[in-house]
Ligand SMILES: [Zn+2]
């Protein structure tokens with residue numbers, strides 16, 4: 508946890524071991540000013556550097572989780588998470604502009620019960636996709652998740668099918684869908700909508716996978732290769748299209764939106780004539 512005192516010195520950077528002041532890390536969008544190590548970032552902070560000032564308008568804000576399998580202690584866990592993450596569940600969705608271009612943006616929080624996907628995350632992601640399809644807007648989702656929310660049992664697993672079907676609607680409507688995989692993106696989120704985008708971006712060093720490395724090693728009884736499941740490894744294996752530093756994300760996403768804009772009618776007329 509970053510210290511509230513911005514002049515304090517942090518623990519050594521996990522990337523290079525150097526110590527930097529919190530203020531310097533914050534100025535570098537929560538990355539190490541020395542080596543560029545990307546610390547985890549919450550949705551509220553991402554809105555600041557990604558979107559045009561004041562353009563983000565949240566929708567589906569009042570959805571909050573019930574206790575569908577009557578699990579003891581789940582309501583208390585939800586209340587604690589709400590205070591910790593300052594969110595009602597693990598994703599926020601809204602409309603905004605980047606360089607004046609309108610889009611739908613979804614941002615997950617690892618602080619809210621490990622970014623786990625229960626009924627509310629599934630519903631909000633689905634609504635964001637359907638709204639993008641209906642309003643003919645591009646969709647960007649920043650993922651970070653430990654997977655399905657086990658406290659909701661089968662209802663969590665159903666969200667995988669639900670979000671995947673909504674992503675298919677977006678595809679049918681011919682609208683671009685961009686994912687930015689952040690540290691960590693695992694489990695049911697990786698196994699559903701996080702891998703269904705037209706362009707899959709990742710933050711440097713992000714852990715991206717389904718099961719964790721220890722579980723896999725225990726199952727196959729083999730030592731896994733160096734850097735297994737990191738963004739760089741997944742880029743090499745073809746699961747990720749591009750790794751993009753936080754400082755470059757706004758510009759790149761703006762460009763991707765331009766590149767994926769449907770051709771104006773006049774252009775298609777020209778193409779038919781030639
Ligand atoms: Zn560093």
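Residue numbers (my numbering): 508 to 781. Glycine is no exception: its CB is placed at the ideal position from the N, C-alpha and C atoms. Please read all numbers here as calculations on a predicted model, not as lab measurements.
| Query | Result |
| --- | --- |
| Coarse secondary structure for residue 624, derived from DSSP in three states | strand |
| Own chain residues within Cβ distance below 8 Å of residue 513, not counting five before or after | Interpretation of residue 513 is limited by its pLDDT of 48, a score under 50 that renders its predicted location unreliable; the figure taken from the coordinates is listed afterwards. The residues are 528, 529, 530, 533. |
| Residue 544: CB within 7 Å of a non-hydrogen atom of ligand 1 | yes |
| Residues sharing a beta bridge with residue 684, DSSP | 646 |
| CB contact flag (residue 670, residue 629, <8 Å) | yes |
| Proximal residues to residue 492 (C-beta, below 8 Å), its chain only, five neighbours per side dropped | Lying before the first or after the last residue shown, residue 492 is absent from the chain, which here runs from 508 to 781. |
| Element boundaries [beta strand (DSSP E), containing residue 599] | 598–605 |
| Cβ shell of residue 511 (< 7 Å), same chain only, five flanking positions each side left out | A caution first: residue 511 carries a pLDDT of 49, below 50, which makes its placement in the model too unreliable to give a value. |
| Alpha carbon of residue 597 to alpha carbon of residue 715, nearest angstrom | 18 Å |
| Residue 659 versus 684, 643, 623, 687, residue with shortest Cα-Cα distance | 623 |
| C-alpha distance - residue 524 paired with residue 542, whole-angstrom precision | 9 Å |
| C-alpha distance - residue 685 paired with residue 540, whole-angstrom precision | 27 Å |
| Host beta strand (DSSP E) of residue 591 (start-end) | Premise fails: residue 591 lies in the alpha helix (DSSP H), 581–592, not in any beta strand (DSSP E). |
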